[in-house]
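Chains as they are written, first to last, in my numbering: chain U, 50 to 238; chain F, 50 to 238; chain Z, 50 to 238.
All residues carry an ideal CB built from backbone N, CA and C; glycine is no exception.
Remember, it's a predicted structure, so these values are computed and weren't measured experimentally.
Inspection log for the structure reproduced underneath, given as structure tokens.
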Amino acid sequence: MGKVIIATGIPGSGKTTVLGAAKERTNEKFSVVTFGTVMFDMAKKKKLVKHRDELRMLPRQKQREIQKLAGEKIASMAKSETIVVDTHCTIKTSSGYLPGLPEWVLHAIKPDIILIVESSAAEIASRRGRDDSRVRDDEDEEDIALHHEINRANATACSILTGATVKIIYNYDNHLDAAARDMAEIIEG
Amino acid sequence: MGKVIIATGIPGSGKTTVLGAAKERTNEKFSVVTFGTVMFDMAKKKKLVKHRDELRMLPRQKQREIQKLAGEKIASMAKSETIVVDTHCTIKTSSGYLPGLPEWVLHAIKPDIILIVESSAAEIASRRGRDDSRVRDDEDEEDIALHHEINRANATACSILTGATVKIIYNYDNHLDAAARDMAEIIEG
Amino acid sequence: MGKVIIATGIPGSGKTTVLGAAKERTNEKFSVVTFGTVMFDMAKKKKLVKHRDELRMLPRQKQREIQKLAGEKIASMAKSETIVVDTHCTIKTSSGYLPGLPEWVLHAIKPDIILIVESSAAEIASRRGRDDSRVRDDEDEEDIALHHEINRANATACSILTGATVKIIYNYDNHLDAAARDMAEIIEG
Chain U
50 MGKVIIATGI PGSGKTTVLG AAKERTNEKF SVVTFGTVMF DMAKKKKLVK HRDELRMLPR
110 QKQREIQKLA GEKIASMAKS ETIVVDTHCT IKTSSGYLPG LPEWVLHAIK PDIILIVESS
170 AAEIASRRGR DDSRVRDDED EEDIALHHEI NRANATACSI LTGATVKIIY NYDNHLDAAA
230 RDMAEIIEG
Chain F
50 MGKVIIATGI PGSGKTTVLG AAKERTNEKF SVVTFGTVMF DMAKKKKLVK HRDELRMLPR
110 QKQREIQKLA GEKIASMAKS ETIVVDTHCT IKTSSGYLPG LPEWVLHAIK PDIILIVESS
170 AAEIASRRGR DDSRVRDDED EEDIALHHEI NRANATACSI LTGATVKIIY NYDNHLDAAA
230 RDMAEIIEG
Chain Z
50 MGKVIIATGI PGSGKTTVLG AAKERTNEKF SVVTFGTVMF DMAKKKKLVK HRDELRMLPR
110 QKQREIQKLA GEKIASMAKS ETIVVDTHCT IKTSSGYLPG LPEWVLHAIK PDIILIVESS
170 AAEIASRRGR DDSRVRDDED EEDIALHHEI NRANATACSI LTGATVKIIY NYDNHLDAAA
230 RDMAEIIEG
């Protein structure tokens, strides 16, 4: 029986890079799934949507059902191997910070560990500035520090509902190797 | 069907002023209710109290029932229009920070958005000093910053239990217009 | 009927010292129980373990049952007098911050107040350095400040699930008397 590790990090934290580098540093077998993709597959199978963008058009109650089913799917996948769930503590929207792991998702997924990949606010602002593939976010360092604060509080509340631990992995510039080793150790657990 | 927006802010944040200024800037129809008043009306109707001060004398279990009924009343009001609930994330008491939105209230209200009106700790301390109508609070800027930290964590935990977003609106001195526009946008949402 | 007060504080906060000093300053009758000890007694009675170290070897589901029973035991003890529960918001482990008060424990204990004994990060680092009886923790002041942030968020989420207040008691060097008086006032409450 594997563990369920939820991997989070704000845009620019380098979460995906760290996960990739960790995979090269461990012999532990594990799969990475993106929560949004599991949700989309579930909604497509139920013939509720054809395209991913339609997910957010679903009525609120339908969205929650799909979130819950996606969570249960992930919990069942973890019966045979460790699953790392790529997702967000919160997503910054025009209406505020939207929780990526509401209560009904947490109770379905039953995570063992909630990871937050962090870097300094200055480094994240600089990485976002260099990334031409994304719409440049106009958040300054203070906004990024606030998003970190909200996500730490968020992960902490998630841990109370599930018993999961909260682990912060620092991914500082030029120290990817240290972050990848921390991540590999958590996965090997 | 309207939204339920919970509007919070510590004393001196200017929450009520921002709500009033937002009302002048939008054509969206919405009502503002004070959570404590809805609770009092509910308890009076049930013949449990005659005066508002008696609310806190009720046995704990009775208080919770009234809180839950008040939450359900607000959720039902939101069937016809958007409701802004004027309340607090936490109230500072001699026994510590008392949660204004415990789990049973959140599950009854089912909010869409939890707003926090904030200002800098220095501005809040200065506004409280000028306000002769209130008992002057002896909190210094560090205490105010801590109350902000507790309230952000509080709103974040509320969002996990409900799926609501957490939106921080800054109400800096001489920038009421910006705060009112932010508030109006959230209400129009 | 007594109150249930949960007393928390990271290693070096001086929680136990403050509790002892508070006992000397009040005539209020109260008992202090250590959550881990109540759990161990419960597991021993159920013939699940003989030694305390075996507790963490129990299957996860069994551990949760014991935690829940220990919480219910504490709630029943509080029928006759005020109980102070000596425990942790979170325990720092190699897998991250482990919650000491997950949802099922909170719902069983039904606390009235969650106390956090804090000191400055510099003082805590210095106290830990002087303590030869413990394995010296290699946390620096930034790590300690982060642990404080996590524990405040943790206690805040606990308060939403239970309605308990969150009270921070500062135990600065050479000011034990002030901390003990704050603690005694909360217990007398």
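Assignment of U:S168 by DSSP, reduced to helix, strand and coil, places it in the coil class. Scanning the region 69–107 of chain F for uninterrupted beta strand (DSSP E) segments of 3 residues or longer gives 79–83, listed from N- to C-terminal end. Linking U:T211 to U:A124 through their CA atoms gives a straight-line distance of about 13 Å. The C-beta of Z:E172 has 16 or more other C-beta atoms within 10 Å across all chains shown, which makes the residue buried. Non-local C-beta neighbours of F:R101 in its own chain, meaning closer than 7 Å and more than five positions away in sequence, comprise F89, ordered along the chain. Bridge partners of U:L147 according to DSSP: U:I140.
Put simply, of U:K111, U:N76 and U:E77 the residue whose alpha carbon is nearest the alpha carbon of U:M91 is U:K111. With a cutoff of 8 Å on beta-carbon distance, U:G63 and U:V166 are scored as near each other.
Among the residues of the region 188–202 of chain F, those with a Cβ less than 7 Å away from any Cβ of chain Z are E198, I199 and A202, in the order of the chain. With fewer than 16 other Cβ atoms inside 10 Å of its own Cβ, F:H224 counts as exposed. Taking every protein chain shown into account, the CB of U:Y146 has 16 or more other CB atoms within 10 angstroms, so this residue is buried. Proximity of the region 52–67 of chain U to the region 129–143 of chain U meets the contact definition, three or more beta-carbon pairs being nearer than 8 Å.
Using a Cβ distance threshold of 8 Å, Z:G61 and Z:R201 do not count as a contacting pair. Sorting U:C138, U:K99 and U:K159 by C-alpha distance to the C-alpha of U:A127 places U:K159 at the top.
Interface annotation, F:L118: not in contact with chain Z, CB-CB separation never under 8 Å. By the neighbour-count criterion, in which 16 or more other beta carbons inside 10 Å mark a residue as buried, Z:E103 falls on the exposed side. Within the region 184–224 of chain F, the complete alpha helix (DSSP H) segments at least 4 residues long are 190–211, listed from N- to C-terminus. Neighbourhood of Z:A206 in chain U, by CB distance below 7 Å: T205, A206 and I209, in chain order. Counting only the Cα atoms, U:K99 lies some 6 Å from U:K93.
The beta carbon of Z:E121 sits closer than 7 Å to those of A157, all from its chain and outside the five residues before and after it, given in chain order. If you draw a 10 Å sphere on the C-beta of F:S168, you find 16 or more other C-beta atoms in it, and that means buried. Under the three-state reduction of DSSP, U:I158 is assigned to helix. One finds I209, L210, T211 and G212 in chain U with Cβ atoms closer than 9 Å to the Cβ of Z:E152, taken in chain order. Secondary structure of F:I132 (DSSP, three-state): strand. Residue environment analysis places Z:N203 among the buried positions, since at least 16 neighbouring C-beta atoms fall within 10 angstroms of its C-beta.
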